[in-house]
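Residue numbers (this note's numbering), protein chains in the order written: chain A, 615 to 949; chain B, 615 to 949.
See below for the structure under consideration.
Protein chains: 2
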Amino acid sequence: MKNKITLKELAKLLNVSVSTVSKALHDSPEISPKTAERVKELAKLHNYRPNPVAVNLKSSKSGTIGVIIPNISNTFFANVLLGIEARAQKSGLQVITYISNEKLEREQQIAEMLTSGFVDGVLIAISEETQRKKEYDHLFNLVDYDIPVVLYDRINIDLAVDKIGVDDEQSLEIATRLLQTKGIKKIGVASSIHHLGVGKLRITGYRNALKNEEDFYIANSSKPDTLREKTQQLLVEDKVEAVLCTDFVSTMMVYRLAYENKISIPRDLKVIGFLNADVARFLTPSISYVEQFPEEIGEEAVDLLVNRIENRIAGKQPINKTINTKLIHLESTDF
Amino acid sequence: MKNKITLKELAKLLNVSVSTVSKALHDSPEISPKTAERVKELAKLHNYRPNPVAVNLKSSKSGTIGVIIPNISNTFFANVLLGIEARAQKSGLQVITYISNEKLEREQQIAEMLTSGFVDGVLIAISEETQRKKEYDHLFNLVDYDIPVVLYDRINIDLAVDKIGVDDEQSLEIATRLLQTKGIKKIGVASSIHHLGVGKLRITGYRNALKNEEDFYIANSSKPDTLREKTQQLLVEDKVEAVLCTDFVSTMMVYRLAYENKISIPRDLKVIGFLNADVARFLTPSISYVEQFPEEIGEEAVDLLVNRIENRIAGKQPINKTINTKLIHLESTDF
DNA sequence: CTGAAAGCGCTTACAG
DNA sequence: CTGAAAGCGCTTACAG
Numbered sequence: 615m616k617n618k619i620t621l622k623e624l625a626k627l628l629n630v631s632v633s634t635v636s637k638a639l640h641d642s643p644e645i646s647p648k649t650a651e652r653v654k655e656l657a658k659l660h661n662y663r664p665n666p667v668a669v670n671l672k673s674s675k676s677g678t679i680g681v682i683i684p685n686i687s688n689t690f691f692a693n694v695l696l697g698i699e700a701r702a703q704k705s706g707l708q709v710i711t712y713i714s715n716e717k718l719e720r721e722q723q724i725a726e727m728l729t730s731g732f733v734d735g736v737l738i739a740i741s742e743e744t745q746r747k748k749e750y751d752h753l754f755n756l757v758d759y760d761i762p763v764v765l766y767d768r769i770n771i772d773l774a775v776d777k778i779g780v781d782d783e784q785s786l787e788i789a790t791r792l793l794q795t796k797g798i799k800k801i802g803v804a805s806s807i808h809h810l811g812v813g814k815l816r817i818t819g820y821r822n823a824l825k826n827e828e829d830f831y832i833a834n835s836s837k838p839d840t841l842r843e844k845t846q847q848l849l850v851e852d853k854v855e856a857v858l859c860t861d862f863v864s865t866m867m868v869y870r871l872a873y874e875n876k877i878s879i880p881r882d883l884k885v886i887g888f889l890n891a892d893v894a895r896f897l898t899p900s901i902s903y904v905e906q907f908p909e910e911i912g913e914e915a916v917d918l919l920v921n922r923i924e925n926r927i928a929g930k931q932p933i934n935k936t937i938n939t940k941l942i943h944l945e946s947t948d949f
Numbered sequence: 615m616k617n618k619i620t621l622k623e624l625a626k627l628l629n630v631s632v633s634t635v636s637k638a639l640h641d642s643p644e645i646s647p648k649t650a651e652r653v654k655e656l657a658k659l660h661n662y663r664p665n666p667v668a669v670n671l672k673s674s675k676s677g678t679i680g681v682i683i684p685n686i687s688n689t690f691f692a693n694v695l696l697g698i699e700a701r702a703q704k705s706g707l708q709v710i711t712y713i714s715n716e717k718l719e720r721e722q723q724i725a726e727m728l729t730s731g732f733v734d735g736v737l738i739a740i741s742e743e744t745q746r747k748k749e750y751d752h753l754f755n756l757v758d759y760d761i762p763v764v765l766y767d768r769i770n771i772d773l774a775v776d777k778i779g780v781d782d783e784q785s786l787e788i789a790t791r792l793l794q795t796k797g798i799k800k801i802g803v804a805s806s807i808h809h810l811g812v813g814k815l816r817i818t819g820y821r822n823a824l825k826n827e828e829d830f831y832i833a834n835s836s837k838p839d840t841l842r843e844k845t846q847q848l849l850v851e852d853k854v855e856a857v858l859c860t861d862f863v864s865t866m867m868v869y870r871l872a873y874e875n876k877i878s879i880p881r882d883l884k885v886i887g888f889l890n891a892d893v894a895r896f897l898t899p900s901i902s903y904v905e906q907f908p909e910e911i912g913e914e915a916v917d918l919l920v921n922r923i924e925n926r927i928a929g930k931q932p933i934n935k936t937i938n939t940k941l942i943h944l945e946s947t948d949f
């Protein structure tokens, strides 16, 4: 075992004071070049690293940021975390991960814990339940404690903090319009997340493009069985020519039902989905999808947070950013 | 802003010493019930929480564990993290996440950083590159610094630490035997990870079940184009009756090529894959797969680490654990 | 140029 | 039962 060496031990070995060692290692101009060199040499020899906990206590910083993720199995959020970790690393910050599992109570526990100063700032995508119950006190509380907070992805709540989101509404509006220019009239939408903020926005985008109520064909339910029924109706009875899917579950449901009902994609039915590149590309036929750039969202979120932490934008109005999506054409929208 | 209140401030408000406050809050028997109550009341009123950084400095603990994840977009690892986070939370530990992106250099950087005492212990699944280059010095170094290390999932390296893995070899052996009992003779395997430890083990399981060299039909390549060619050969020329896939990419490749070559699953071809439940269930037809219980792996990993950290098993031989997989039958192996 | 001292916020052995 | 003191490992204003 190489026991960790401290400043004090280093000082004793060198026959100088602790202050001198510390200053030397920080390249203080107060220290003579000769001493500085001696100190650094020994420090290197013993592989000295300052104890981060002590440094943090001194500086009243924790050197870490907290990230609350609603659901890590969702590759979107996994990739956001990827971006967060990468950018945090550049800023020399450690990332403490918390998973709310879409539960309000867990989110409250986490927020409560974070008020005690584990982290210098927090990135949050609020949980489904939190959105549904509109219970935001724990978030206000965080802000009250002067802990910088940045909301990512799930941002449509009334909290005066920096936010970084996706242009959910536009994404399906653009997709719908694109199908229209190709001469497709009967366009449906399938969704298992119509009750969530992002789901609502995506469906709104679809509505915006169509305009007339009578043109809407919407299959939505968070219950698989109901969604299946409604989607079946969309494909078989309404005979839509294209379906936009707002999420993974509805996308797979459409593929499944098309297969069961012998509806050929893309010949009889065009499909555009929301899923990650890997799955989209590998499906048969491959499915056109809305790309969301989750890594960029993570990176931007850290940037916003770091700016707040370093007070570069203190007191200023909250910033709202949007990362644009991109429609990727694969086989399911071949004409 | 509610500024965080400290012990000192609390003490001043109560006209007692800092020690008294501290002891009272820790239910020390030294303190009179009356004082204890006064202290607790005020502490509650001000929502006092001990500064974790100070507590850590005092106790020479960081109260955190580090987790190195090779690839967070892989739902397997995402779910391991889920288990880790849940169990860590129960032990009151914070989880600092590092993503190596399958790169040796990044893994080395992380390990280097961790020697400075950010964490009380580390959970590692080593990166692909690390496995390939068999460059483990940074891991030995961690152990030298007396930082408890637990390897998870990717464990076949010669390092005397606790390990928690999956019964990769057995999983495909059992799957192969099962197909054999159903009267299937010509069984192939497709793999894009044959060069990695887990891939090797899975293929070994397949070989174990078949025994005769001439019965092996193996399509393996980490390059998509080559894998496609070889798999095509397996399905079209060799006309195997079943394919076992060792990973996501090869699974999707088999589905794709079956579709392109109008080979009907499961009628003409049985398929068993390695992928996560969500995708497996939603594919058309749904695909039988090997379930791996990543959350349990995460939980067990934390348990092992906590035991080491608390020295409950100090000096003892490293522990090796395995989480058994389970074959889930869905449509792709219907008979 | 070097070092003693104070202090970050806590805990705890010790004295009274 | 209460408090002063030492100390965890560091940084930095200040004195010499």
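Every residue, glycine too, gets a C-beta built ideally from N, C-alpha and C.
Of A:788, A:845 and A:778, the smallest CA-CA separation from residue 872 of chain A is found for A:845. The beta carbon of residue 781 of chain B sits closer than 7 Å to those of 936, 938 and 939, all from its chain and outside the five residues before and after it, given in chain order. Here residue 752 of chain B is buried, its C-beta having at least 16 other C-beta atoms within 10 Å. Residue 632 of chain A has no beta-bridge partner at all, per DSSP.
Identification of chain B residues near residue 663 of chain A by a Cβ-Cβ cut-off of 8 Å yields 729, 730 and 731, ordered along the chain. Boundaries of the beta strand (DSSP E) around residue 856 of chain A: 856–859. Closest in C-alpha terms to residue 859 of chain B, from the list B:851, B:662 and B:842, comes B:842. When only Cα atoms are considered, residue 905 of chain A and residue 670 of chain B end up about 43 Å apart. If you draw a 10 Å sphere on the C-beta of residue 767 of chain B, you find 16 or more other C-beta atoms in it, and that means buried. A Cβ-Cβ separation of about 10 Å leaves residue 900 of chain B out of contact with residue 885 of chain B under the 8 Å criterion. For the set A:729, A:856, A:918 and A:912, the Cα lying nearest the Cα of residue 831 of chain A is the one of A:856. By the neighbour-count definition (other C-beta atoms within 10 Å, threshold 16), residue 808 of chain A is a buried residue. With respect to the 8 Å criterion, residue 739 of chain A and residue 666 of chain A are not classified as neighbours on the basis of their beta carbons.
Sequence-distant partners of residue 692 of chain A (beyond 5 residues in either direction) whose C-beta falls short of 7 Å from its own C-beta, in its chain, are 686. For the pair residue 712 of chain B and residue 757 of chain B, the CB atoms are not nearer than the 8 Å cut-off. For residue 771 of chain A, no CB of chain B lies under 8 Å from its own CB, so it is not counted at the interface with that chain. Annotation: the continuous beta strand (DSSP E) that includes residue 905 of chain B extends over 902–905.
Ranked by Cα distance from residue 697 of chain A, the options A:864, A:909, A:878 and A:720 are led by A:909. Bounds of the beta strand (DSSP E) holding residue 936 of chain A are 934–937. Chain-order list of chain B residues neighbouring residue 906 of chain A: empty, with the shortest C-beta distance near 13 Å, by a criterion of under 8 Å. Assigned with DSSP and collapsed to three states, residue 750 of chain A falls in coil, not helix or strand.
For the segment 836–851 of chain B, no residue has a beta-carbon sitting nearer than 9 Å to a beta-carbon of chain A. Around residue 762 of chain B, no beta-carbon contact reaches into chain A at under 7 Å, the shortest distance being about 12 Å. For residue 671 of chain A, the closest Cβ of chain B is nearer than 8 Å. Contact between the segment 783–790 of chain A and the segment 818–827 of chain A is established, with three or more Cβ pairs separated by less than 8 Å.
Within chain A, the C-beta atoms nearer than 7 Å to that of residue 869 of chain B come from 898, in chain order. With fewer than 16 other beta carbons inside 10 angstroms of its own, residue 840 of chain A counts as exposed. Assigned with DSSP and collapsed to three states, residue 736 of chain A falls in strand. Closest option to residue 619 of chain B, judged by alpha-carbon separation, among B:934, B:925 and B:659: B:659. Per the DSSP secondary-structure output, residue 833 of chain A pairs in a beta bridge with A:804.
Residue 762 of chain B is classed as buried because its beta carbon has at least 16 other beta carbons within 10 Å across all chains shown.
Within the same chain, Cβ atoms closer than 7 Å to the Cβ of residue 731 of chain B are found at 676, the five residues on either side in sequence being excluded. Residue burial annotation: residue 931 of chain B is exposed, with fewer than 16 other C-beta atoms found within 10 angstroms of its C-beta. Residue range 811–824 is occupied by the alpha helix (DSSP H) that includes residue 820 of chain B.
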